[in-house]
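Step one of this worksheet: look at the structure below.
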Amino acid sequence: GQNIDQPTEMTATEGAIVQINCTYQTSGFNGLFWYQQHAGEAPTFLSYNVLDGLEEKGRFSSFLSRSKGYSYLLLKELQMKDSASYLCAVRGRSGNTPLVFGKGTRLSVIA
Amino acid sequence: DGGITQSPKYLFRKEGQNVTLSCEQNLNHDAMYWYRQDPGQGLRLIYYSQIVNDFQKGDIAEGYSVSREKKESFPLTVTSAQKNPTAFYLCASSMEQYQPQHFGDGTRLSIL
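Taken in sequence, the protein lines are chains A and B. Sequential numbering from 15 applies to the first sequence in the working numbering. Sequential numbering from 3 applies to the second sequence in the working numbering.
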């Protein structure tokens, strides 16, 4: 079976840094993806990790530890527009196969 | 511009009626997917197709049907057998294993 866990909700202050954690248990592993989803909209791709370590993209960074089944998304210099749900997804099987999604973390950025 | 187009944006279904949601992509992606999202829930996989004329059931395929006659198109039919169809339906596509899935803007389906 496959299981992906992330916190349901988080609140952070504008200008601060927030870390959203994701743990996963899957029968295989071929990459971990982070998506951002604003209310009522489709998810948009943020970052991708297949090897252990940190991937940085501007204000967003994502970290992966395959041995621990753990990833986090780090958002720096938070802005009000970062208020959204953040979805962690894993590609368990090899090949061009479907992603399995966690339930998402709803982040509220407050002034 | 390349992308994934879903239509309609909003759809209403009457009791006992089948409805079809359209998904078209011009990204030349091989794989296409249908997910369902309910409030407060993650995305759940309905069907996917890795190649033309072939598709596989996902976790919640009951009450749905699909076809993949062309690479660009992957329509989803919500049949009358699906007793709780109200949800946000998302179509996605991807090029290859190490590439992300890209999503259309979604179709919101409600029961009249």
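We put the beta carbon where it would ideally sit given N, CA and C, even for glycine.
When you compare only the Cα positions, how much space is there between residue 105(A) and residue 16(A)? In the first sequence, residue 105(A) corresponds to position 91, counting from 1. In the first sequence, residue 16(A) corresponds to position 2, counting from 1. Distance between the alpha carbons of residue 105(A) and residue 16(A) is about 10 angstroms.
Find the residues of chain B that neighbour residue 57(A), judging by a C-beta separation of less than 8 angstroms, and give them in chain order. Here residue 57(A) is taken as the residue at index 43 of the first sequence, counted from 1. For residue 57(A), the C-beta contacts it makes with chain B under 8 angstroms involve 45, 92 and 105, in order along the chain.
Give the residues of chain A in contact with residue 60(B), contact being defined as C-beta atoms less than 9 angstroms apart. Numbered from 1 along the second sequence, position 58 holds the residue referred to as residue 60(B). Correct list: 112.
For residue 71(A), name the three-state secondary structure that DSSP assigns. Residue mapping note: residue 71(A) aligns to position 57 of the first sequence, counting from 1. Residue 71(A): strand per DSSP, three-state reduction.
Using 10 angstroms around the beta-carbon of residue 114(B), count the other beta-carbons present and answer buried if the total reaches 16, otherwise exposed. Residue mapping note: residue 114(B) aligns to position 112 of the second sequence, counting from 1. Counting Cβ neighbours within 10 Å, residue 114(B) comes out exposed, since fewer than 16 surround it.
Find the nearest neighbour of residue 84(B) within the set 8(B), 48(B), 106(B) and 35(B), judged by alpha-carbon distance. Taking the first residue of the second sequence as 1, we reach residue 84(B) at position 82. Looking at the Cα atoms, 48(B) is the closest of the given residues.
By alpha-carbon positions, which one of 49(A), 60(A), 62(A) and 70(A) ends up nearest to residue 44(B)? Mapped onto the second sequence, residue 44(B) falls at position 42. Nearest option by C-alpha distance: 49(A).
Start-to-end residues for the beta strand (DSSP E) that takes in residue 95(A): Within the first sequence, numbered from 1, the residue matching residue 95(A) stands at position 81. Judged by DSSP secondary structure, residue 95(A) falls outside any beta strand (DSSP E); it is assigned neither H nor E.
What residues in the segment 68 to 102 of chain B have a beta carbon less than 7 angstroms from any beta carbon of chain A? Answer set for the segment 68 to 102 of chain B: 92, 96, 98, 99, 100 and 102.
In terms of alpha-carbon separation, which member of 101(B), 4(B) and 9(B) lies closest to residue 108(A)? Residue mapping note: residue 108(A) aligns to position 94 of the first sequence, counting from 1. Nearest Cα to residue 108(A) within the set 101(B), 4(B) and 9(B): 101(B).
CB-CB under 6 angstroms to residue 62(B), same chain, minus the five flanking residues each way: which ones, in chain order? Stepping through the second sequence from its first residue, residue 62(B) is reached at position 60. Sequence-distant Cβ neighbours of residue 62(B) in its own chain, meaning closer than 6 angstroms and more than five residues away, are 46 and 48.
Can you look up residue 65(A) in the DSSP assignment and give me helix, strand or coil? On the first sequence, position 51 is the one that residue 65(A) refers to. Reduced to three states, the DSSP call for residue 65(A) is coil.
Is the CB-CB distance between residue 10(B) and residue 109(B) below 8 angstroms? The count along the second sequence starts at 1 and reaches residue 10(B) at position 8. The count along the second sequence starts at 1 and reaches residue 109(B) at position 107. Yes, they are a contact pair.
By how many angstroms is the C-alpha of residue 114(A) removed from the C-alpha of residue 29(A)? Position 15 of the first sequence, counted from the start, is the residue given in the question as residue 29(A). Position 100 of the first sequence, counted from the start, is the residue given in the question as residue 114(A). Looking at the two C-alpha atoms, the distance is approximately 31 angstroms.
Between residue 71(A) and chain B, is the shortest Cβ-Cβ distance under 8 angstroms, so that the two count as touching? In the first sequence, counting from the first residue as 1, residue 71(A) sits at position 57. Residue 71(A) does not count as touching chain B.
Please state whether the Cβ-Cβ distance between residue 112(B) and residue 103(B) is less than 8 angstroms. Mapped onto the second sequence, residue 112(B) falls at position 110. Mapped onto the second sequence, residue 103(B) falls at position 101. No, these two residues do not count as a Cβ contact at 8 angstroms.
Classify residue 79(A): buried if its beta carbon has 16 or more other beta carbons within 10 angstroms, exposed otherwise. Looking up residue 79(A) in the first sequence gives position 65. When all chains shown are included, residue 79(A) counts as exposed.
For the segment 19 to 33 of chain B, which residues have a CB atom closer than 8 angstroms to at least one CB atom of chain A, in sequence order? Of all residues in the segment 19 to 33 of chain B, only 32 and 33 come within less than 8 angstroms of chain A when Cβ atoms are compared, listed by chain position.
Excluding the 5 residues flanking residue 122(A) on each side, which residues of the same chain have their C-beta closer than 8 angstroms to its C-beta? Reading the first sequence from its first residue, position 108 is the one you call residue 122(A). Correct list, in chain order: 23, 24, 25, 26 and 97.
Flag residue 12(B) as yes if its beta-carbon sits less than 8 angstroms from any beta-carbon of chain A, otherwise no. Counting from one through the second sequence, the residue named residue 12(B) turns up at place 10. Chain A places no beta carbon closer than 8 angstroms to that of residue 12(B), leaving this residue out of the contacts.
Contact list for the segment 72 to 101 of chain A against chain B, Cβ threshold 8 angstroms: Answer set for the segment 72 to 101 of chain A: 101.
Assumed close pair residue 119(A), residue 21(A) - CB separation to whole angstroms, cut-off 8 angstroms: On the first sequence, position 105 is the one that residue 119(A) refers to. On the first sequence, position 7 is the one that residue 21(A) refers to. Residue 21(A) and residue 119(A) do touch by the CB rule: their CB atoms are close to 5 angstroms apart, below 8 angstroms.
Exposure of residue 63(A), with buried meaning 16 or more beta-carbon neighbours within 10 Å: Along the first sequence, read from residue 1 onward, the residue named residue 63(A) stands at position 49. Under this definition residue 63(A) is a buried residue.
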